[in-house]
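K.L.:
Could you have a look at this structure, given as structure tokens, before my questions?
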Amino acid sequence: MLLLLAFAVQVVMPQRTIAIDDRLAADAHLAVGDRAVVSAAPGAPGDTVLISAIVSRGADPSEIARGEYHVRLHLDQLETLTTYGDRVDRFDVATRDSTATRRALAAINDAAFGFRAYPSKDIAVETSATFKVVSRFHRAIGVITIVASAIFLLCILLLKVEERRRDVAALRLIGISRRSVFRAIVLEAALVALLGSALGVAIGWLTSAAVNGYYQAFYRTPLRFSIVTGDIVLFAVALSLALGVVAGALAALRLVRTPPLRLLGR
Amino acid sequence: MRGLLAFAALRGHAARTALAVLGVAVAAAMLLDMVMLSTGLRESFQHLLLSRGFQLRLAPRGTLPFDTEAMIPGATAILDTLRTLGDVTTVSPVLGAQLHVPRDGRVTTTFALGVNPAAQGDYELRSGRDPNDANELVANDEFLHAAGLQVGDTLEAATGYNPQLRTFAGQRRLTIVGRARFLYLSAGQPAVALPLRTLQAMTGHTRDDAVSLFMVRLRDGASVDAARDWIRAHVRTVDAISTADALAQVDDRLRYFRQLGYILGAVSLMVGFLLITTLMTVSVNERVGEIAVMRAIGVSRPHVVQQIVLESTVISSAGTACGLALGLATARYLNAILSQFPGLPAAIDFFPFQPRAIWTALALLASVGILAGVYPSWRAASRPIAGTLREEAVA
Amino acid sequence: MSALLTARDLYRDYALDGTAVHAVHGVSLDVAAGEYVAIVGPSGCGKSSLLNLLGAIDRPTAGTVSFQGRDVSALGDRALTRFRLLHIGFVFQRFYLMPILTARENVELPMAEAGMSRPDREQRGDELLRYVGLQARGRHRPTQLSGGEQQRVAIARALANRPALVLADEPTGELDARTGAEIIALFERLNADGTALVVVTHDEELAHAARRLIHMRDGAIITQEVLAPNGSSGA
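Chains as they are written, first to last, in our numbering: chain A, 128 to 393; chain B, 89 to 483; chain C, 1492 to 1726.
Written as structure tokens, this is what we have:
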């Protein structure tokens, strides 16, 4: 729906009121009490209206990256302006609870001729195609990142354990059992992984806050772009712990199976 | 001999080497994809916009092409005005509308473009011919498939459909004369193109002679900005948008992907660098004794460094080479996901293969990997020989 | 005999936990071409430190080391490395072979560094392995060789670029008596073939295989004696 605002001070007292969104108010330097002309096409005759409210935009993902402004008019005025006659795009129906919703849906769809009723949930799914694509993309990137970090972690922990060659040899030479040495190494690797993932969670939380701050300001939306949930933290910590233990165990096995003198290079 | 020592060292720690190569490969693949994503999208869009040679697009003032239902009335008069500008070689007026095709009890709705077949820049003909007669159209595969039609068939189409009364308005009998691929439509969208006058008549826009968009081609060497400014001054009902303007708009809308590309690319580069640096540092620290002996028997410091840098070079080169293959494969997969993006032309490639950007990225990673070997090896080769040998003997 | 190596007023101090340790304290020494010198003394008396200074792998705190009349203590790192490569052979107590290279590759390493062509160094490598009695072990890695064999490979490596002087630091220290005796015999043959030798050792037998015996204590030379060919004291 094209709505253009011609900002002109009108002599005639405005008859009707409109609400505009905060983005338009900021960009066009409009405030409550200002007058504006609204018309359906550039240059077409329009109505002079009074801006009676400035509304903040909802956290609607489908509006991200669209530089549109939102104007709320009284329905009859918009119908007149657009010469649509007594026509609307949709009705929003409020119900008492989910049972009532189901009943209302069935009743409307049985009786309706030429239109259909849908639960808002289904409409939301339909209109969030963009976000389905983005989240699939993020998931794919996430998998790649997990693979990369898993390899990185394995590599670092292998090296970390390998560094203990001489200590392991010395321990074995003074009679510490393979089992004890193995346990000590795996425990150390697990602790390193745990410590690293704690640091990672902190960095992730800060990054998430920075991402939200930046994109909320950039797209002028209260929408949260990145959310660190308990599940995500748990997954990250569990993954790094598991990888740490596996890497530690692999490297430890190799070390305890090698004769101590060979570990010392003799 | 340095090569032998380097390869022997890598072979001596085969598991470590393999992991490092794998790690660098994943980092390289990620870097490659992100470089393609951050720089390629714009290129791809530009390529798409310029693919038919139209440098300017005229949309109803205050709007973007096909972004709203707004129209430009008086198309013929505007065409006449545009033709007075000497630089203009072709003007293609386009009208967009919904077309409803009832067939076998169901209605297929498709996007329809009213065009001048001789000057159009919206579709490429796959088979058949252009819709030169008033009652002809070309359609894409998506439409033909959805409606169960083929070239040569005749259909009933309408621009208005009242689902309540099941009545149609602006009905016309049209024959499919060609199969086409539409350049600017999103994936899976059914579309047809028919003569502009026919669609205007069907939509009731004959009288106001309205169109949705003009595409303007200028002669080679003409200033696009000058033509745009001239049009803005002379045709008050339109906004002239140059390819650069459109790219700026797209840049803004897809900024997220570009930034994501930069950030993840930088992270990948850092991960690759860290991986090789850590590996080389540990590897060198394990060998300080060996290095001291080599220095004692007369191997020069640059040669020690060369040997270790050779090791990091092998790891980063092998990793980068594997990463190239891996990156191209993942790019195809990621592109398949992003090509479903609603409202974006299906022809846009989010990950176009741009040799220069790719070689730059990979060379960057490879050199970062090589450099990662320099510092630890130089430090190890610079340690006092006698002291290091004594420490090693004590250890 | 002309002096091959001349050390004058050598000092080497280390800082250890803030206090200065005088590892070498005013040592002057000449080694003639083809000479066989053994340095003995209690642990920590500065023998190895002196050897490191003579072989230019360490720099003196004060004093000079000249080789064939040229002051090597004044050389820069690059020239010093080249000097060690071409004129000095090192044999260490712990052999210090490259574990990832075969015996022959270990012997070829200094030749490759000196820029010798592959066929030449292969030929010389074989020749040296034959000289130390390991012609059949060229393809083995150090871990597949016994201690004595490893030390013989290390001696072959020290001889790679035909140095005029071989410096050995406790070359029999890690070996049993029988294997040690083989190394002593090899050193005697080496010296008989014209290579000058300076060995630092605790091993009486090795020390008495030399022609001159230097006793050190607290970083300084206390006595020097010339030995008769059978190992008895001559002066």
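Ideal Cβ placement from N, Cα and C applies to all residues, glycine included.
1) Should Gly349 of chain B be labelled buried (16 or more other beta-carbon atoms within 10 Å of its own) or exposed?
2) Buried or exposed for Val1717 of chain C, please, with buried defined as at least 16 other CB atoms from any protein chain shown within 10 angstroms of its CB.
3) Looking only at its own chain, which residues have a Cβ that is under 7 Å from the Cβ of Val1588 of chain C, when we skip the five neighbours before and after it?
4) Below 9 Å on C-beta distance, what does Leu367 of chain B contact in chain C?
5) Less than 8 Å between CB atoms is the rule here; does Thr385 of chain A satisfy it with respect to chain B?
6) Kindly indicate the opening and closing residues of the beta strand (DSSP E) around Thr196 of chain B.
7) Counting only runs of 4+ residues fully inside the region 348 to 391 of chain A, write out the alpha helix (DSSP H) ranges in chain order.
8) Give the DSSP-derived three-state secondary structure of Phe309 of chain A in the structure shown.
9) Tell me which same chain residues have a C-beta within less than 7 Å of the C-beta of Arg243 of chain A, skipping the five on either side of it?
10) So, at 6 Å on beta carbons, what are the nonlocal neighbours of Ala133 of chain A in its own chain, with the 5 sequence-adjacent residues on each side left out?
11) Under 7 Å between beta-carbons, which chain B residues line up against Asn1543 of chain C? List them in chain order, please.
12) Whole angstroms is fine: what's the gap from Thr1682 of chain C's alpha carbon to Tyr1527 of chain C's?
13) When DSSP labels each residue in this structure, what does Ile178 of chain A get in the three-state scheme?
14) Excluding the 5 residues preceding and the 5 following Ala1700 of chain C in the sequence, name in chain order all residues of the same chain whose CB lies nearer than 8 Å to its CB.
15) So what's Arg1628 of chain C in DSSP terms, helix, strand or just coil?
16) With a CB to CB cut of under 8 Å and the five nearest residues on each side skipped, what residues in its chain are close to Gln137 of chain A?
17) Closer than 8 Å by beta-carbon distance: list the chain B residues that pair up with Arg1648 of chain C, in chain order.
18) Using CA atoms only, rank isn't needed, just tell me which of C:Ala1603, C:Pro1590, C:Arg1653, C:Met1607 is closest to Arg1630 of chain C.
19) Could you give the DSSP three-state label for His265 of chain A: helix, strand or coil?
20) Which one or two residues does DSSP pair with Pro219 of chain B in a beta bridge?
21) Is it buried or exposed for Thr105 of chain B, if we count other Cβ within 10 angstroms and need 16 for buried?
22) For Leu200 of chain A, which residues in the same chain have their Cβ closer than 6 Å to its Cβ, ignoring the five residues on either side in sequence?
23) I need the straight-line Cα distance from Gln1626 of chain C to Arg1708 of chain C, nearest angstrom please.
24) At 8 Å on the CB atoms, spell out the chain B contacts of Ile359 of chain A, in chain order.
25) Compute the distance between the beta-carbons of Gly276 of chain B and Glu230 of chain B, then report whether it is under 8 Å.
26) Taking 8 Å as the cut-off, does the region 134 to 141 of chain B touch the region 325 to 335 of chain B (at least 3 CB pairs, one atom from each stretch)?
27) Where does Glu1526 of chain C sit, in a helix, a strand or coil, going by DSSP?
28) Residues of the region 262 to 273 of chain A in Cβ contact with chain B at a cutoff of 8 Å, in chain order, please.
29) Residues of chain B with CB closer than 9 Å to the CB of Met1707 of chain C, please, in chain order.
30) Between Ala419 of chain B and His265 of chain A, what straight-line distance do the alpha-carbon atoms span, to the nearest angstrom?
31) Using a C-beta to C-beta distance shorter than 9 Å, which residues of chain A count as neighbours of Gly111 of chain B?
32) In terms of alpha-carbon separation, which member of B:Thr476, B:Leu92, B:Gly174 lies closest to Gly309 of chain B?
33) Any beta-carbon of chain B closer than 8 Å to the one on Gly1603 of chain C?
34) Using the beta-carbon of each residue, which ones in chain C are nearer than 7 Å to Glu378 of chain B?
35) Is Ser139 of chain B close to chain F, meaning its C-beta is less than 8 Å from at least one C-beta of that chain?
36) For the putative contact between Ala1605 of chain C and Leu1577 of chain C, defined by C-beta atoms under 8 Å, what is the C-beta separation to the nearest angstrom?
P.N.:
With the given structure in hand:
1) As a first step, residue 349 of chain B is located in the second sequence; it is residue number 261 there, counting from the start. Residue environment: Gly349 of chain B is assigned as buried (16 or more neighbouring CB atoms within 10 Å of its CB, all protein chains considered).
2) As a first step, residue 1717 of chain C is located in the third sequence; it is residue number 226 there, counting from the start. Val1717 of chain C should be labelled exposed.
3) Your numbering for residue 1588 of chain C matches position 97 in the third sequence. Correcting the residue type first, residue 1588 of chain C is Leu in the shown sequence and not Val. For Leu1588 of chain C, where only same-chain residues beyond five positions count, the Cβ hits under 7 Å are Asn1597, Pro1633, Gln1641, Val1644, Ala1645.
4) Here residue 367 of chain B is taken as the residue at index 279 of the second sequence, counted from 1. Leu367 of chain B does not reach chain C, its nearest Cβ partner there being about 16 Å away, counting only Cβ pairs nearer than 9 Å.
5) Position 258 of the first sequence, counted from the start, is the residue given in the question as residue 385 of chain A. Chain B contact via Cβ: absent.
6) As a working note, residue 196 of chain B is residue 108 in the second sequence. It spans 194 to 203 - the beta strand (DSSP E) in which Thr196 of chain B sits, taken as one unbroken run.
7) Whole alpha helix (DSSP H) segments, 4+ residues: 357 to 384, 387 to 390.
8) The count along the first sequence starts at 1 and reaches residue 309 of chain A at position 182. Helix at Phe309 of chain A.
9) Numbered from its first residue, the first sequence carries residue 243 of chain A at position 116. For Arg243 of chain A, where only same-chain residues beyond five positions count, the Cβ hits under 7 Å are Asn236.
10) In the first sequence, the residue the question calls residue 133 of chain A occupies position 6. Residue placement at Ala133 of chain A is flagged as unreliable, the pLDDT there being 44, under the threshold of 50; the coordinate-derived value follows with that caveat. Closer than 6 Å at Cβ, skipping near neighbours: Val164.
11) Against the third sequence, residue 1543 of chain C aligns to sequence position 52. The answer, in chain order, is Ala474.
12) As a working mapping, residue 1682 of chain C is identified with position 191 in the third sequence. As a working mapping, residue 1527 of chain C is identified with position 36 in the third sequence. The sequence shown places Asn at residue 1682 of chain C, not Thr. Each residue's alpha carbon lies about 7 Å from the other.
13) Position 51 of the first sequence, counting from 1, holds the residue named residue 178 of chain A. Residue state, collapsed to three classes: strand.
14) For the purposes of this step, residue 1700 of chain C is taken as the residue at position 209 of the third sequence. So the qualifying residues of the chain are Tyr1527, Ala1529, Ile1675, Phe1678, Glu1679, Gly1722.
15) Taking the third sequence and counting its residues from 1, the one referred to as residue 1628 of chain C is at position 137. Arg1628 of chain C: helix per DSSP, three-state reduction.
16) To locate residue 137 of chain A, count along the first sequence from 1; it is residue 10. Residue placement at Gln137 of chain A is flagged as unreliable, the pLDDT there being 42, under the threshold of 50; a coordinate-derived value is accordingly withheld.
17) Taking the first residue of the third sequence as position 1, residue 1648 of chain C is located at position 157. Per Cβ cutoff of 8 Å: Ile385.
18) Residue 1630 of chain C sits at position 139 when you count from the first residue of the third sequence. Ranking the options by Cα distance to Arg1630 of chain C, first place goes to C:Pro1590.
19) If you number the first sequence from 1, residue 265 of chain A lands on position 138. It is helical.
20) Your numbering for residue 219 of chain B matches position 131 in the second sequence. Looking at the DSSP assignment, Pro219 of chain B forms no beta bridge with any residue, so it has no partner.
21) In the second sequence, counting from the first residue as 1, residue 105 of chain B sits at position 17. For Thr105 of chain B, the number of other beta carbons within 10 angstroms of its own is at least 16, and it is reported as buried.
22) Locating residue 200 of chain A in the first sequence gives position 73, where the first residue counts as 1. Within the same chain, Leu200 of chain A has close Cβ partners Ile145.
23) Taking the third sequence and counting its residues from 1, one reaches residue 1626 of chain C at position 135. Taking the third sequence and counting its residues from 1, one reaches residue 1708 of chain C at position 217. Straight-line Cα distance between these residues: approximately 41 Å.
24) Counted from its first residue, the first sequence places residue 359 of chain A at position 232. None at all; the shortest Cβ gap to chain B is about 18 Å.
25) Residue numbering aside, residue 276 of chain B sits at position 188 when the second sequence is read from its first letter. Residue numbering aside, residue 230 of chain B sits at position 142 when the second sequence is read from its first letter. The Cβ-Cβ distance between Gly276 of chain B and Glu230 of chain B falls below 8 Å.
26) Three or more beta-carbon pairs drawn from the region 325 to 335 of chain B and the region 134 to 141 of chain B are found closer than 8 Å, and the two stretches are therefore classed as touching.
27) The residue given as residue 1526 of chain C occupies position 35 in the third sequence. Coil, per DSSP.
28) Residues are counted here when their Cβ sits less than 8 Å from a Cβ of chain B; for the region 262 to 273 of chain A these are Arg263, Phe264, Ala267, Ile268, Ile271, Thr272, given in chain order.
29) Position 216 of the third sequence, counted from the start, is the residue given in the question as residue 1707 of chain C. Those within 9 Å of Met1707 of chain C in chain B number zero; the least Cβ separation is about 17 Å.
30) As a first step, residue 419 of chain B is located in the second sequence; it is residue number 331 there, counting from the start. As a first step, residue 265 of chain A is located in the first sequence; it is residue number 138 there, counting from the start. A direct Cα-Cα distance of roughly 13 Å separates Ala419 of chain B from His265 of chain A.
31) In the second sequence, counting from the first residue as 1, residue 111 of chain B sits at position 23. Those are Ala275, Ile278, Phe279, Leu281, Cys282, listed as they occur along chain A.
32) Working through the second sequence from its first residue, we reach residue 309 of chain B at position 221. Selected option, being the one with the closest Cα: B:Gly174.
33) By 1-based counting over the third sequence, the position of residue 1603 of chain C is 112. Checking the sequence, you will find Ala at residue 1603 of chain C rather than Gly. Chain B has a Cβ within less than 8 Å of the Cβ of Ala1603 of chain C.
34) Position 290 of the second sequence holds residue 378 of chain B. Residues of chain C passing the Cβ test: Met1589.
35) Given the protein chain composition of this structure (A, B and C), no chain F is represented.
36) Counting from 1 along the third sequence, the entry for residue 1605 of chain C is found at position 114. Counting from 1 along the third sequence, the entry for residue 1577 of chain C is found at position 86. Taking 8 Å as the upper bound for CB-CB distance, Ala1605 of chain C and Leu1577 of chain C are in contact here, some 6 Å apart.
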